[in-house]
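Below: one structure, written as structure tokens.
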Amino acid sequence: MQLRIPVLCAALMLASCSKSSVQLLKDGDPEVCTKTDVTDQLFEIIKDHANFPQNNGFVKDYEKARQKWISKVTFSISQITSKNVDKPNQQITCNGLVHMSASEIGQQDASVDYLIKSDLSNGKAIVEADLSNASYPIAFLLEKIGSPDLLEARTVGIKKNIAKADYYENKWVSSHSSEAKTIHENIEKTVKGNHFSQAEKDTAFKIEVFNKICRSEEDGQALACSRRDSLLQEAQGSGPIHLCYQGDFSGWKHCDGTDVENVPASIVTEPSSSDAFTPEDNKIIEQADYLNDKCRGGAGDQTESVCTQRDDLYNKMEKLNICWGPEDSAEYQKHWMRCHPK
60 MQLRIPVLCA ALMLASCSKS SVQLLKDGDP EVCTKTDVTD QLFEIIKDHA NFPQNNGFVK
120 DYEKARQKWI SKVTFSISQI TSKNVDKPNQ QITCNGLVHM SASEIGQQDA SVDYLIKSDL
180 SNGKAIVEAD LSNASYPIAF LLEKIGSPDL LEARTVGIKK NIAKADYYEN KWVSSHSSEA
240 KTIHENIEKT VKGNHFSQAE KDTAFKIEVF NKICRSEEDG QALACSRRDS LLQEAQGSGP
300 IHLCYQGDFS GWKHCDGTDV ENVPASIVTE PSSSDAFTPE DNKIIEQADY LNDKCRGGAG
360 DQTESVCTQR DDLYNKMEKL NICWGPEDSA EYQKHWMRCH PK
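Quick note on this note's numbering: the sequence shown kicks off at 60 and runs consecutively.
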């Protein structure tokens, strides 16, 4: 049978209130469950075994942060009962409702079983606890307490890393001006006609430069790899920039898959003289590209009409032996060519 014990007792009414925890254990008195030295041990056990929010890599002194977070939690206990009294072995099993609270967050409660026994080596009462019910409530509070600090540290850390990465980017561009120019030119060629904003082209350039540094042995290699990956993740997200790359950054396109594929002039195979386009063909191709740009970019009330004109012209071009394709490489690059080469 469980014995409910008041947390506070009047010394004049109960002589056991003045006894030590060890003496109460010897007497088999369940009042030991309420002793301050016992409940304080219980609270320390909960603190020592608490699950803290994980370090996101930006908190420098994580142990100091943990101590700060746990110090904001206050502990108390009520509804204390004894579950089992083992007087011969000087052990008593207790249960209590532990209250854990933090200012502006709230309170979490947990019913905790704890065993009190005498430590014969030093004459003190020691506590063992079953924390299965307390692990989640304390973790919940610590997550709420620690999250703002973790977020702030991450924000500051990312800003510092971006600044460092930008330094290495500028350093690389300055010392590899010719290669940087080639990257710019190839980006312009591969996105031609696909309505890339300057911000999108600048992002593509940054990613390619960071990829160069990442694959080199130059200063800032690890930081460049991280910055490249984060920019790629941002670029492929749902924001204003929505880019996907081809192969090993051999070309850029919008991720919706509707872009015209362009091939840098350096890797396009020139057609034979018999398959070369005539001046009249080139005029038709130029007109088709113009209509395609208007159709894809939107022409207000005329958009549907423009797209229809483009499609009609495509049909006419096919009859003139002018086609768009084929998929002539792993990077899915296309260009204007003869439908049936001679």
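Just so it is clear, CB atoms sit at the ideal spot from N, CA and C, and this is done for glycine as well. None of these values were measured; they are calculated from a predicted model.
(message) For aspartate 370, would you say it is in contact with chain D, using Cβ-to-Cβ distances shorter than 7 Å as the test?
(response) The structure shown has no chain D; it contains just one protein chain.
(request) Within 10 angstroms of the Cβ of glutamate 247, are there 16 or more other Cβ atoms? Answer buried if so, exposed if not. (result) Here residue 247 corresponds to residue number 188 of the sequence shown, with the count starting at 1. Glutamate 247 comes out exposed.
(request) List the residues that DSSP assigns as beta-bridge partners of glutamine 346. (result) Residue 346 sits at position 287 when you count from the first residue of the sequence shown. Paired residues: none, contrary to the question.
(message) Just to confirm before moving on: does the CB-CB distance between asparagine 154 and lysine 142 stay below 7 Å?
(response) Looking up residue 154 in the sequence shown gives position 95. Looking up residue 142 in the sequence shown gives position 83. Contact: yes.
(request) Grab me the residues of leucine 282's own chain with a C-beta within less than 7 Å of its C-beta, minus the 5 sequence neighbours each way, in chain order. (result) Here residue 282 refers to the residue found at position 223 of the sequence shown. Counting only Cβ-Cβ distances below 7 Å, and skipping sequence neighbours, we find Asn220, Lys223, Ala224, Tyr227.
(request) Taking only the alpha-carbon atoms, compute the straight-line gap between arginine 125 and serine 236 and give it to the nearest angstrom. (result) Taking the first residue of the sequence shown as 1, we reach residue 125 at position 66. Taking the first residue of the sequence shown as 1, we reach residue 236 at position 177. The C-alpha of serine 236 is placed about 48 Å away from the C-alpha of arginine 125.
(message) Checking the sheet assignment: what are the DSSP bridge partners for threonine 152?
(response) In the sequence shown, counting from the first residue as 1, residue 152 sits at position 93. Among the bridge pairs identified by DSSP, threonine 152 is matched with Asn143, Leu174.
(message) Rounding to the nearest angstrom, what Cα-Cα distance links lysine 183 and valine 81 in this structure?
(response) The residue you call residue 183 lines up with position 124 of the sequence shown. The residue you call residue 81 lines up with position 22 of the sequence shown. Distance between the alpha carbons of lysine 183 and valine 81 is about 6 Å.
(message) Classify tyrosine 195: buried if its beta carbon has 16 or more other beta carbons within 10 angstroms, exposed otherwise.
(response) Start at 1 with the first residue of the sequence shown, and residue 195 comes out as number 136. Tyrosine 195 comes out exposed.
(request) Report the three-state DSSP secondary structure of arginine 369 (helix, strand or coil). (result) Residue mapping note: residue 369 aligns to position 310 of the sequence shown, counting from 1. Of the three classes helix, strand and coil, the one that applies to arginine 369 here is helix, per DSSP.
(message) DSSP has glutamate 267 in a bridge; who is on the other side?
(response) Position 208 of the sequence shown, counted from the first residue, corresponds to residue 267. DSSP, once it has assigned bridges, lists no residue as partnering glutamate 267.
(request) Please state whether DSSP places aspartate 315 in a helix, a strand or coil. (result) Sequence index remark: in the sequence shown, residue 315 carries index 256 (1-based). In the structure shown, aspartate 315 adopts coil according to DSSP, grouped into three states.
(request) Alpha carbon to alpha carbon, how far is glutamate 103 from glutamine 292? Give it in angstroms, no decimals. (result) As a first step, residue 292 is located in the sequence shown; it is residue number 233 there, counting from the start. As a first step, residue 103 is located in the sequence shown; it is residue number 44 there, counting from the start. Rounded to whole angstroms, glutamine 292 to glutamate 103 spans 43 Å at the Cα level.
(message) Give me, in chain order, the residues of the same chain whose beta-carbon lies closer than 8 Å to that of tyrosine 121; leave out the 5 immediate sequence neighbours on both sides.
(response) For the purposes of this step, residue 121 is identified with residue 62 of the sequence shown, where counting begins at 1. Same-chain partners within the cutoff: Asn114.
(request) Determine, using beta carbons only, whether alanine 169 and asparagine 110 come nearer to each other than 7 Å. (result) Residue 169 sits at position 110 when you count from the first residue of the sequence shown. Residue 110 sits at position 51 when you count from the first residue of the sequence shown. Against a cut-off of 7 Å, the Cβ pair of asparagine 110 and alanine 169 comes out as no contact.
(request) Would you kindly work out how many angstroms separate the C-alpha atoms of methionine 396 and lysine 353, rounded to a whole number? (result) Within the sequence shown, numbered from 1, the residue matching residue 396 stands at position 337. Within the sequence shown, numbered from 1, the residue matching residue 353 stands at position 294. Distance between the alpha carbons of methionine 396 and lysine 353 is about 22 Å.
(request) Classify valine 250 as buried or exposed, calling it buried when 16 or more other Cβ atoms lie within 10 Å of its own Cβ. (result) As a first step, residue 250 is located in the sequence shown; it is residue number 191 there, counting from the start. With 16 or more Cβ atoms within 10 Å of its Cβ, valine 250 is classed as buried.
(message) What would DSSP say about aspartate 88, mapped onto helix, strand or coil?
(response) Along the sequence shown, read from residue 1 onward, the residue named residue 88 stands at position 29. Reduced to three states, the DSSP call for aspartate 88 is coil.
(request) To the nearest angstrom, report how far apart asparagine 380 and cysteine 398 are at their CA atoms. (result) In the sequence shown, residue 380 corresponds to position 321, counting from 1. In the sequence shown, residue 398 corresponds to position 339, counting from 1. Their backbone Cα atoms lie some 5 Å apart in a straight line.
(message) Can you list, in chain order, the residues of its chain with a C-beta nearer than 8 Å to that of aspartate 340? Leave out the 5 residues immediately preceding and following it.
(response) Translated into positions along the sequence shown, residue 340 becomes position 281. Same-chain partners within the cutoff: Leu379, Ile381.
(request) Kindly indicate which three-state DSSP category serine 79 falls into: helix, strand or coil? (result) Within the sequence shown, numbered from 1, the residue matching residue 79 stands at position 20. If DSSP states are grouped into helix, strand and coil, serine 79 belongs with coil.
(message) Suppose contacts are defined by Cβ-Cβ distances below 7 Å. Is proline 112 in contact with glycine 205 by that definition?
(response) Sequence index remark: in the sequence shown, residue 112 carries index 53 (1-based). Sequence index remark: in the sequence shown, residue 205 carries index 146 (1-based). Yes, the pair counts as a contact, with Cβ atoms nearer than the cut-off.
(message) Please state whether the Cβ-Cβ distance between alanine 188 and tyrosine 173 is less than 7 Å.
(response) Within the sequence shown, the letter at position 129 stands for residue 188. Within the sequence shown, the letter at position 114 stands for residue 173. Yes, Cβ-Cβ distance for alanine 188 and tyrosine 173 is below 7 Å.
(message) Taking DSSP's pairing of strands, which residues face valine 186 in a bridge?
(response) Here residue 186 is taken as the residue at index 127 of the sequence shown, counted from 1. Partner(s): Ile175.
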